[in-house]
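Enquirer: Sharing a structure with you now.
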Amino acid sequence: MDALDAIQTRRTIGRLIEPAPGETALARAFEAAVAAPDHKRLRPWRFLVIEGDGRKELGTLMAKALKSERPDVSEADLERESGKPMRAPMIIAVVAKIDAGSKIPEVEQTLATGAATQNLMLALHAQGFGTAWKTGGSSYSPIVRDGLGLANGDKIIGFIYAGSASSVPPPATPANWRDYVSAWSGPAR
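613 is the number of the first residue of the sequence shown in our numbering; add one for each residue after it.
If you want it as structure tokens, here you go:
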């Protein structure tokens, strides 16, 4: 699959099943991820691969974070939260390891990590795997961050759910790029 086909056909897959990407597919995807553009080569991205019982542990952290944020949360909502990581055979937590001492602004380090994430997802798609980029409250929770062993300044960019598509997703309704592009020839006078 060429790059343009990968970009134009990648879809968020709601239900992911086994098999998850294997070692070779992951290596190729991470090679693509770390080729992302990045100012001053800080390489602010980090990836945590979570499989098997690690997904249950992540679910426990997510439920604990929800309970901390909403002490009156129902048991049903806690159970639903703790089950989220079980929706895919593999989760890849993407982390921006911000170098606060760098002259490179935090936003640029975060955007570089987002570019690495997109490369990762496109590379997995090009190899026949499905992905879904998930965030939500657990991505911003210090309980989840600390539970994953991350540093205080680290930012979870998202959880990439990865596996095989349970069904063929419908084609996306294409956006007209002309709705988002205009020409500029200088300041208005």
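No residue lacks a Cβ here, since even glycine has one placed at the ideal position from N, Cα and C. Here the structure is a predicted model, which means the values were calculated and not measured.
Report back the beta-carbon spacing between M702 and A777 to the nearest angstrom; my notes put them in contact at under 8 Å.
Expert: Actually they do not touch by this definition, with Cβ atoms about 13 Å apart.
Enquirer: What does DSSP give as the partner residues of A705 in its beta bridges?
Expert: A705 is bridged to L660, F771.
Enquirer: So, do the stretch 649 to 663 and the stretch 733 to 746 have three or more beta carbon pairs nearer to each other than 8 Å?
Expert: Segments in contact, no.
Enquirer: Please return the same chain residues whose Cβ sits closer than 7 Å to the Cβ of G726, not counting the five positions on each side in sequence.
Expert: Within the same chain, G726 has close Cβ partners I769.
Enquirer: Quick one: give me the first and last residue of the alpha helix (DSSP H) that A800 is part of.
Expert: Where A800 is concerned, there is no enclosing alpha helix (DSSP H), given that its DSSP letter is neither H nor E.
Enquirer: Please list, in chain order, all residues of the same chain as L678 whose beta carbon is under 6 Å from its beta carbon, the five residues on each side excluded.
Expert: Within the same chain, L678 has close Cβ partners V685, E693.
Enquirer: Let me check one thing: in DSSP terms, what residues is K696 bridge-paired to?
Expert: The partner list for K696 (beta bridge, DSSP) is empty, contrary to what the question assumes.
Enquirer: Leaving out five residues on either side along the sequence, give the residues of the same chain with a beta carbon under 7 Å from the beta carbon of A675.
Expert: Here the set comprises L690, E693, S694.
Enquirer: Looking only at C-alpha atoms, which of V719, R801, E687, D758 sits nearest to L673?
Expert: Closest by alpha carbon: D758.
Enquirer: In three-state DSSP terms, what is I619?
Expert: If DSSP states are grouped into helix, strand and coil, I619 belongs with the helices.
Enquirer: Considering just the uninterrupted stretch of the beta strand (DSSP E) at A802, what are its terminal residues?
Expert: In the structure displayed, the chain extends from 613 to 801; residue 802 sits before or after that span and is not available.
Enquirer: Report the rounded CA-to-CA distance for A645 versus R655, giving the unit in angstroms.
Expert: Using only the alpha carbons, I get a separation of about 10 Å.
Enquirer: Determine whether the beta carbon atoms of I710 and G749 lie at a separation below 7 Å.
Expert: Their beta carbons are not under 7 Å apart, which means I710 does not touch G749 by this criterion.
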